[in-house]
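In the working numbering, the protein residues as written are 164 to 509. Where a beta carbon is used, it is the ideal one built from N, C-alpha and C, also for glycine.
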């Protein structure tokens, strides 16, 4: 069956009733993340699709507490698991979700390649990536990675972390063999000895560190781009009030997490099926939530340093496209309102 038009387009063209009839005849199935849709909303019911991710603590708390379902009583809220920024971007581009959480670099990459998405909120400043080797590895320095197999998930922060890390030793992607694996598979490949190193992502990185003795041989907070919440421009134009409610709820979750750190550990532990000490390692030693949620100059500075890597690696159509994407990536108005800061208007 062909994919139905987006909800925002349907609302503008006045054919919502016909689309709902089509949707009613579709069989719900699995998304590209493996999450199973929970069914079709009754005719006339508003819908909101958004993601949750183990690297996004606020999303886990909001889902667990049911706050959006309470704040939007006439709306069917559907949660879709994102296993990485690449999957979040895929779902956003396909219209499977209205809002998706990624790292800053993948958000920039997606927009530079034509995805009409905007960053509307900054949910964390994480140190969620590092270069990881096994407990018995002889590799102790980045320069020793030349000629080695390194697992990384293309299009995600750990991948770009790896490229920046290699550059510190005068290396490029052509000096190593990058094995494209989703984050959890990269961890498994490292522990099995199928690769020599892994550009890791929490909570899997904390898990192998604590439970398998794996070593983080290179860490650099500045090479981790921020955790950001994205939405397509069409959704923001068609449903600004719903988008604002989501961003407001993210701010509620940020405050709740600060007041309930142990409960947050339990929520992450249960959701990701990881030991509490692993969740605590991720949340309390490598994740900073006490930050300005308004996207802008701070994130732009980080991404400006990454732009050349996107161009040199042929990951964007042109340097001009990448620069334009960065200049138009942020819509700060929702986070400004949620945080109670002055807004210049949309």
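Asked, Found
"Stretch-stretch touch, CB-based, cutoff 8 Å, three pairs: the region 449-460 with the region 492-501", "yes"
"For residue 316, the three-state DSSP class (helix, strand or coil)", "coil"
"Identified DSSP bridge partners for residue 216", "219"
"Where residue 331 falls: helix, strand or coil (DSSP)", "helix"
"Beta-carbon proximity check, residue 447 vs residue 366, cutoff 8 Å", "no"
"Buried or exposed by the 16-neighbour rule on C-beta atoms within 10 Å, applied to residue 490", "exposed"
"Residues of its chain near residue 318, where Cβ-Cβ distance is below 6 Å and the 5 sequence neighbours each way are ignored", "249 and 269"
"CB contact flag (residue 380, residue 304, <8 Å)", "yes"
"Beta-carbon proximity of residue 401 to residue 362, cut-off 8 Å", "no"
"Close beta carbons around residue 463, own chain, < 7 Å, minus the five adjacent residues each side", "489"
"Contact under 8 Å by Cβ, residue 350 with residue 371", "yes"
"Separation of residue 335 from residue 311, as counted between CA atoms", "12 Å"
"Cβ pair count under 8 Å reaching 3, the region 407-415 against the region 275-290", "yes"
"Local conformation of residue 230 per DSSP, three classes", "helix"
"Three CB pairs or more closer than 8 Å across the region 250-257 and the region 323-335", "no"
"Cβ-based neighbour list, residue 352, same chain, cut-off 8 Å, excluding 5 preceding and 5 following", "314, 342, 344, 358 and 361"
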